Amino acid sequence: MIIPLSNPTWGLRVLLVEGLTVRFGSATIIDELTLSIKGGSVVALVGPNGAGKSTFGKAIVNLVKTCSGRIEVHCDGHILPLRERPTWEIARNGVLYVPEENASFEHLSVNENLRVAFAAMKHPLRVTTAETEIYELFPFLSERLTQRAGTLSGGQKKLLALARAYLMMKAHEEARTPYRLLILDEPTHGLSPASIKLVSILIQRLSGSGVAILLLEQMAAFALGLADHGHIFRDGKIVESGSGKDLLSDSSLSAVYFGISS
Numbered sequence: 086m087i088i089p090l091s092n093p094t095w096g097l098r099v100l101l102v103e104g105l106t107v108r109f110g111s112a113t114i115i116d117e118l119t120l121s122i123k124g125g126s127v128v129a130l131v132g133p134n135g136a137g138k139s140t141f142g143k144a145i146v147n148l149v150k151t152c153s154g155r156i157e158v159h160c161d162g163h164i165l166p167l168r169e170r171p172t173w174e175i176a177r178n179g180v181l182y183v184p185e186e187n188a189s190f191e192h193l194s195v196n197e198n199l200r201v202a203f204a205a206m207k208h209p210l211r212v213t214t215a216e217t218e219i220y221e222l223f224p225f226l227s228e229r230l231t232q233r234a235g236t237l238s239g240g241q242k243k244l245l246a247l248a249r250a251y252l253m254m255k256a257h258e259e260a261r262t263p264y265r266l267l268i269l270d271e272p273t274h275g276l277s278p279a280s281i282k283l284v285s286i287l288i289q290r291l292s293g294s295g296v297a298i299l300l301l302e303q304m305a306a307f308a309l310g311l312a313d314h315g316h317i318f319r320d321g322k323i324v325e326s327g328s329g330k331d332l333l334s335d336s337s338l339s340a341v342y343f344g345i346s347s
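Taking my numbering, I'd label the letters of the sequence shown as residues 86 to 347.
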């Protein structure tokens with residue numbers, strides 16, 4: 086049975102992951118990972134390619150099987166356990182995952198991709214403000230509404246997926262069933278510096294509305310620069326935690342990425 090959830094609240098815990106372990110055969114990919122995220126905060130999990138960041142994001146929404154541990158969405162004293170729950174049900178209960186690749190529906194037009202954000206809603210919604218914000222932030226979308234998404238560049242597809250996630254958040258907010266957690270897997274991958282700046286604006290707007298955001302990123306400067314709290318991740322384990330600002334100057338970051346010890 087699904088435990089009813091109410092709207093997220095700034096400062097209260099939204100996600101709890103405790104002792105999470107994922108194995109592929111004999112290889113341990115995530116090793117007893119524990120972290121939590123509060124509403125309205127940005128938490129970054131940074132580390133080099135192959136550290137296990139994407140596997141962790143997929144484990145939260147049950148796209149990969151977990152071996153042990155606890156994954157829960159919390160809100161106003163109610164708890165929704167996520168382990169073993171179908172991915173579609175996790176999404177319906179407020180956890181949205183945007184993967185690193187293949188996040189757009191390539192056979193659909195740009196406009197149809199954006200309309201997917203409202204497809205699950207029971208009643209028509211007035212989301213013109215959110216749509217205007219998206220077209221102002223990513224003007225190429227309004228210029229390519231009838232273009233098939235599969236013909237966009239890799240970076241444009243990534244921005245389309247992020248725009249759809251933003252509209253989905255706003256649509257559910259208007260319907261009073263807002264998303265509680267947004268997981269972004271390598272959101273800067275394949276993007277130009279100018280586009281990365283726009284993505285940071287989008288993330289700040291969502292966190293400012295009370296959404297908890299988990300950034301899974303290889304680009305440490307981007308993620309930790311936005312994060313209220315960060316974790317340095319290597320070989321499936323958190324090796325250092327702290328504020329984003331403090332971690333940017335931590336010697337552990339160089340050690341993880343470049344093997345440099347202090």
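Just so you know, even glycine gets a beta-carbon here, dropped at the ideal spot from N, CA and C. Owing to the predicted nature of the structure, the values given are computational and were not obtained by experimental measurement.
- In this structure, the CA atom of I268 is about 10 Å from the CA atom of V127.
- Shown here for I288: same chain residues with a beta carbon closer than 7 Å to its own, the five before and five after excluded, namely V127, I298, L311 in chain order.
- The residues Y251, M254, L267, I298, in chain order, have a CB closer than 8 Å to that of L291 in the same chain once the five nearest residues on each side in sequence are set aside.
- For V284, the CB contacts under 8 Å within the same chain, skipping 5 residues up- and downstream, are L244, L247, P272, T273, L276 in chain order.
- When the beta-carbon positions are compared, I145 and V180 come within less than 8 Å of each other.
- Inter-residue distance for I281 and I115 is about 28 Å (C-alpha atoms, whole angstroms).
- When DSSP states are grouped into helix, strand and coil, A129 belongs to the strand group.
- By the C-beta density criterion, S189 is buried, having at least 16 other C-beta atoms within 10 angstroms.
- Closest by C-alpha distance to L333, out of D313, S238, D320, is D313.
- Excluding its 5 nearest sequence neighbours in each direction, T106 has C-beta neighbours in its own chain below 8 Å: T113, I115, D116, E117, L118, T151, C152, S153, G154, listed in chain order.
- Exclusion of the five residues before and after D335 leaves I317, E325, G327 as the residues of its chain whose Cβ lies within less than 8 Å of its Cβ.
- Boundaries of the beta strand (DSSP E) harbouring R98: 98-109, taken from the DSSP string.
- Cβ contact annotation for I323 (same chain, cutoff 6 Å, sequence separation greater than five): H316, in chain order.
- With respect to F203, A256 sits close: the two C-beta atoms are nearer than 8 Å.
- Following the DSSP letters along the chain, one finds S326 inside the beta strand (DSSP E) bounded by residues 322-327.
- Between L101 and E157, the CB-CB gap stays under 8 Å.
- Short of 7 Å from the beta carbon of T231, and not among the five residues preceding or following it, lie these beta carbons of its own chain, in chain order: S194, N196.
- Judged by their CB atoms, P171 and D270 are not nearer to each other than the 8 Å cut-off.
- Distance from G329 to G137 at the Cβ level is roughly 20 Å; contact not present, criterion being Cβ atoms closer than 8 Å.
- Shown here, A204 sits in coil according to DSSP, grouped into three states, outside any helix or strand.
- Cβ atoms of V201 and R249 come within 8 Å of each other, at about 6 Å.
- In this model, E218 and I286 are separated by some 11 Å (Cα to Cα).
- In this structure, F141 lies away from L338, with their beta-carbon atoms at least 8 Å apart.
- DSSP links R319 through a beta bridge to K322.
- Bridge pairing for R233: S194 [DSSP].
- Pairing L97 with K123 gives a Cβ-Cβ distance under 8 Å.
- By alpha-carbon distance to K143, the top candidate from W173, H163, G125 is W173.
- S111 and V149 have their C-alpha atoms some 15 Å from each other.
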